[in-house]
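Residue numbers (the working numbering), protein chains in the order written: chain A, -4 to 292; chain B, -11 to 107.
Glycine residues also receive a C-beta, built at the ideal position from the N, C-alpha and C atoms.
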Amino acid sequence: MPLGVLMCVAFVAIAPVSYRVLFPDGLDLSNGAVRLVLYALIGAGVILSLGVGVPRTLNMRATFLTERTSLAVIVAMFLVGGWGLGRDIGFEQRVQRLQAEAERAHLLALRSTVDPHFLFNTLNAIAEWCRLDGAVAERAVLELSAMLRAVLSGVKETHWPLAKELDLARMVFDLHLLRDKDLFALEWAVPDPVPNVQVPPMCVLTLVENAMKHGPGAGHRGLVSLTVRTEGSPPTLTVRLENPGRFAGSRPGSHGLPSLERQLALAYRGRARFSIHGAGEGDARTVAELELPGDAE
Amino acid sequence: MKVLIADDEQLARARLTRLLQVIDGVEVVGEAKDGEEVLATVRRGGVDVVLLDVQMPKLSGTEAMALWPADGPMVIFCTAHAEHAVKAFDTGAVDYLLKPVRASAPSTPAARTPRRVRE
């Protein structure tokens, strides 16, 4: 009985692990025969140790499990079972990886278009500038084109340089100010050169769109301030965006900030921090802050 | 037909004003920058039709519609949001224009609206 339990434990603990180690996902099978022999040797070694070595050492009498035929069957079960369990573990890991990739793609698809309210209002403004001021219309078309091109390029990436993300944020600010130069005052506190850090595409853009919608876009005039800094080694990147307008909590049905939080969870597995809260006198301003490790997975 | 233009963006108001000015029988009598201003102007009277943006400070266009006077002017929504159309018609809007507004767009509801004003 104890020998049977010991074999079962060894079977579950060793067989799938040795299979996974010898036959990992994406393995080039050019050395498959050698790995197969090694796998068979491990199986035979474990079972013979337990079925022959242990009984001899402990002077146990022969049982059904220690018979040659039984040992041969157990070795075969060890090898086949290890293959089955190891393959299942591989499937599970692959499914988790594919789920994460699918969710990442879904989140990026959600972010693949700029805020339609912003886009169509800008196009409406451009239509009017075509009549009023051709030079401004031209500038707006070029800015908008560059912005859309950047968004389309970001959709294909899981992460990209912070400099690109900040370029995108700056384009949005500039287009808002082109439409109404008195809408807000911009404080742009970004180190020069921009830190060489990778970030998930559109993570800062989401903050900017949220700040513009609930700040100046909701009639709250004043200073909009974007601050970027890196600290420590390995570096931690902090992006802080402050806008006029009281933080009213998360709004039902909104998907911008929840999508951002999920995007960060997928990219950094809990190592990123996002917060949004009231600030300033009487909490009349809103601060959104991202703290990201210097590397995105 | 006396028209009030309600939009928080000066350029959007300017565009609608320009497009409306060329339509016979249409007179732009005022502009409003937010939902509260729209309601105040509407309550004073003298407006037949309001071209109403959805996303505005203080009160959105749909929120303003919820407080609309029973004998208030007719409403044509003019917005970048395509997804609010059903809600807009549910609240009693007579038409729904999408930005960017085409030069011909205001003339279609404008041609229809005077009949409704006379009814």
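**Request:** Give a single yes or no on whether residue 258/A has its beta carbon closer than 7 Å to a heavy atom of the ligand GDP.
**Result:** With respect to the ligand GDP, the structure offers nothing, as it holds no ligand at all.
**Residue closest to residue 71/A, alpha-carbon to alpha-carbon, out of 278/A, 36/A, 249/A** = Here residue 71/A refers to the residue found at position 76 when the first sequence is read from its first residue. Selected option, being the one with the closest Cα: 36/A.
**Message:** Ignoring anything shorter than 4 residues, give me the alpha helix (DSSP H) runs that lie fully in the stretch 78 to 134 of chain A, in order along the chain.
**Reply:** Taking only runs of at least 4 residues, the alpha helix (DSSP H) segments lying wholly in the stretch 78 to 134 of chain A are 111 to 127.
**Request:** Tell me the start and end of each unbroken alpha helix (DSSP H) in the stretch 153 to 178 of chain A that is at least 4 residues and wholly inside, in chain order.
**Result:** You should have 157 to 174.
**8 Å CB neighbourhood of residue 111/A in its chain, flanking five on each side removed** = As a first step, residue 111/A is located in the first sequence; it is residue number 116 there, counting from the start. Excluding positions up to five away in sequence, the list is empty.
**Asked** By Cβ distance, which residues of its chain are closer than 7 Å to residue 17/B, with the 5 residues on each side in sequence left out?
**Response** Locating residue 17/B in the second sequence gives position 29, counting from the first residue. Hits under 7 Å: -10, -9, -8, 34, 35.
**Message:** Would residue 217/A pass as an interface residue toward chain B - the criterion being a Cβ-Cβ separation below 8 Å?
**Reply:** The sequence position of residue 217/A within the first sequence is 222, counting from 1. Not one chain B Cβ lies under 8 Å of residue 217/A.
**Request:** Report yes if the C-beta distance between residue 266/A and residue -1/B is below 8 Å; otherwise report no.
**Result:** One-based indexing of the first sequence puts residue 266/A at position 271. One-based indexing of the second sequence puts residue -1/B at position 11. Not closer than 8 Å, so no.
**Prompt:** In chain order, what residues of the stretch 34 to 58 of chain B put their CB closer than 7 Å to some CB of chain A?
**Reply:** Of all residues in the stretch 34 to 58 of chain B, 43, 45, 46 have a Cβ within less than 7 Å of some Cβ in chain A.
**Request:** Would you please verify whether the beta carbon of residue 111/A is less than 8 Å from any beta carbon of chain B?
**Result:** Your numbering for residue 111/A matches position 116 in the first sequence. True, the Cβ-Cβ gap to chain B drops below 8 Å.
**Asked** Between which two residues does the alpha helix (DSSP H) carrying residue 256/A extend?
**Response** Reading the first sequence from its first residue, position 261 is the one you call residue 256/A. Counting along the chain, the alpha helix (DSSP H) containing residue 256/A begins and ends at 251 to 263.
**Request:** With 8 Å as the limit, tell me which residues of the stretch -11 to 16 of chain B have their beta carbon closer than that to any beta carbon of chain A; keep them in chain order.
**Result:** Taking 8 Å as the Cβ-Cβ cut-off against chain A, the residues of the stretch -11 to 16 of chain B that qualify are -4, -3, -2, -1, 0, 2, 3, 6.
**Prompt:** Terminal residues of the continuous alpha helix (DSSP H) containing residue 239/A?
**Reply:** Reading the first sequence from its first residue, position 244 is the one you call residue 239/A. Segment 231 to 239 is the beta strand (DSSP E) holding residue 239/A; no alpha helix (DSSP H) there.
**Asked** From the beta carbon of residue 72/B, is the nearest beta carbon of chain A less than 8 Å away?
**Response** Within the second sequence, the letter at position 84 stands for residue 72/B. So, not an interface residue.
**Cβ-Cβ separation, residue 235/A to residue 279/A (assumed contact under 8 Å), whole Å** = In the first sequence, residue 279/A corresponds to position 284, counting from 1. In the first sequence, residue 235/A corresponds to position 240, counting from 1. With a Cβ gap of about 17 Å, residue 279/A and residue 235/A do not count as contacting.
**Prompt:** For residue 255/A, which residues from the same chain have a beta carbon less than 7 Å from its beta carbon, with the 5 sequence-adjacent residues on both sides left out?
**Reply:** Working through the first sequence from its first residue, we reach residue 255/A at position 260. Cβ contact annotation for residue 255/A (same chain, cutoff 7 Å, sequence separation greater than five): 198, 201, 269, in chain order.
**Asked** Skipping 5 residues on each side, what residues in its chain have a beta carbon closer than 7 Å to that of residue 104/B?
**Response** By one-based count along the second sequence, residue 104/B stands at place 116. Note that residue 104/B has pLDDT 48, beneath the 50 cutoff, so the model's placement of it is unreliable and no number is given.
**Asked** Which word fits residue 86/A, buried or exposed, when buried means at least 16 other C-beta atoms lie within 10 angstroms of its C-beta?
**Response** Position 91 of the first sequence, counting from 1, holds the residue named residue 86/A. For residue 86/A, the number of other beta carbons within 10 angstroms of its own is below 16, and it is reported as exposed.
**Request:** Identify which residue in 34/A, 151/A, 127/A has its Cα closest to the Cα of residue 13/A.
**Result:** Taking the first sequence and counting its residues from 1, the one referred to as residue 13/A is at position 18. Among 34/A, 151/A, 127/A, the Cα nearest to that of residue 13/A belongs to 34/A.
**Request:** Since I believe residue 38/A is in contact with residue 10/A (beta carbons under 8 Å), could you give me their beta-carbon distance rounded to a whole number of angstroms?
**Result:** If you number the first sequence from 1, residue 10/A lands on position 15. If you number the first sequence from 1, residue 38/A lands on position 43. About 7 Å separates the beta carbons of residue 10/A and residue 38/A, which is inside the 8 Å limit, making them a contact pair.
**Prompt:** Is the shortest distance between the beta-carbon of residue 292/A and the beta-carbons of chain B less than 8 Å?
**Reply:** Stepping through the first sequence from its first residue, residue 292/A is reached at position 297. Legend: pLDDT at residue 292/A = 48, less than 50; position of this residue unreliable, value from coordinates given subsequently. No - not a single Cβ of chain B is within 8 Å of the one on residue 292/A.
**Request:** Would you identify the three-state DSSP class for residue 87/B, choosing helix, strand or coil?
**Result:** Here residue 87/B refers to the residue found at position 99 when the second sequence is read from its first residue. In the structure shown, residue 87/B adopts coil according to DSSP, grouped into three states.
**Asked** Among 1/B, 48/B, -6/B, 28/B, which has the Cα closest to the Cα of residue 124/A?
**Response** Here residue 124/A corresponds to residue number 129 of the first sequence, with the count starting at 1. Of the listed residues, the one whose Cα sits closest to residue 124/A is 1/B.
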